[in-house]
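What follows is a short report on a single structure.
In the working numbering, the protein residues as written are 995 to 1173.
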């Protein structure tokens, strides 16, 4: 497509690390060789090294946040799952599918791409009735993860609204000013 994409290096001329994401390692590539497995050998003149750039392959899907949440009926809960490679490095732009598998609830999206932190996030709008909602997250051939969210009864007590106190017996109008 005619687009050149940087796959390694930081454009900094200094030694900063030996390992990690290739785009976070300072290097001065002067020669490349592609290997049959998709890896690339890079001659790094700045650091007097030959570096091996390996393709990032998803190895795990884990729950990042939202599992075992408890929230009132009608509210929302954020669910997040993370994709990483075998060394634990986060993988960006990987699709994660979310689906309600038990109970009732509405997801903000059925599929989300992971961000640069490897995390895909959706919002689960909870039903108006108490119970448990189960959401399953999947990505390719990785082992799926399951979120469990407990829905409690919505509060029926007084609450503050734009018109003053609502839901309390004998509530008077809101006080607008004190003189």
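Glycine included, every Cβ here is placed at the ideal spot set by N, Cα and C.
By the C-beta density criterion, residue 1158 is exposed, having fewer than 16 other C-beta atoms within 10 angstroms.
Ranked by Cα distance from residue 1149, the options 999, 996, 1067 and 1113 are led by 1067. Our two residues, residue 1015 and residue 1083, have alpha carbons roughly 7 angstroms apart in a direct line. Ranked by Cα distance from residue 1053, the options 1075, 1028 and 1137 are led by 1137. Bridge partners of residue 1038 according to DSSP: 1023 and 1043. Within the segment 1082–1149, no run of alpha helix (DSSP H) reaches 4 residues while sitting entirely inside it. Within the same chain, Cβ atoms closer than 6 angstroms to the Cβ of residue 1093 are found at 1130, the five residues on either side in sequence being excluded.
In this structure, residue 1112 places its C-beta atom within 8 angstroms of the C-beta atom of residue 1076. Using a Cβ distance threshold of 8 angstroms, residue 1146 and residue 1065 count as a contacting pair. Excluding sequence positions up to five before and after residue 1050, its CB lies within less than 6 angstroms of the CB of 1079 and 1085, all in the same chain and listed in chain order. With a cutoff of 8 angstroms on beta-carbon distance, residue 1036 and residue 1091 are scored as not near each other. Cβ-Cβ distances below 8 angstroms link residue 1105 to 1089, 1090, 1091 and 1092 in the same chain, with the five nearest sequence neighbours on each side left out; the list follows chain order.
Burial state of residue 1019 is buried, judged by a 10 Å Cβ sphere holding 16 or more other Cβ atoms. In this structure, residue 1055 lies away from residue 1116, with their beta-carbon atoms at least 8 angstroms apart.
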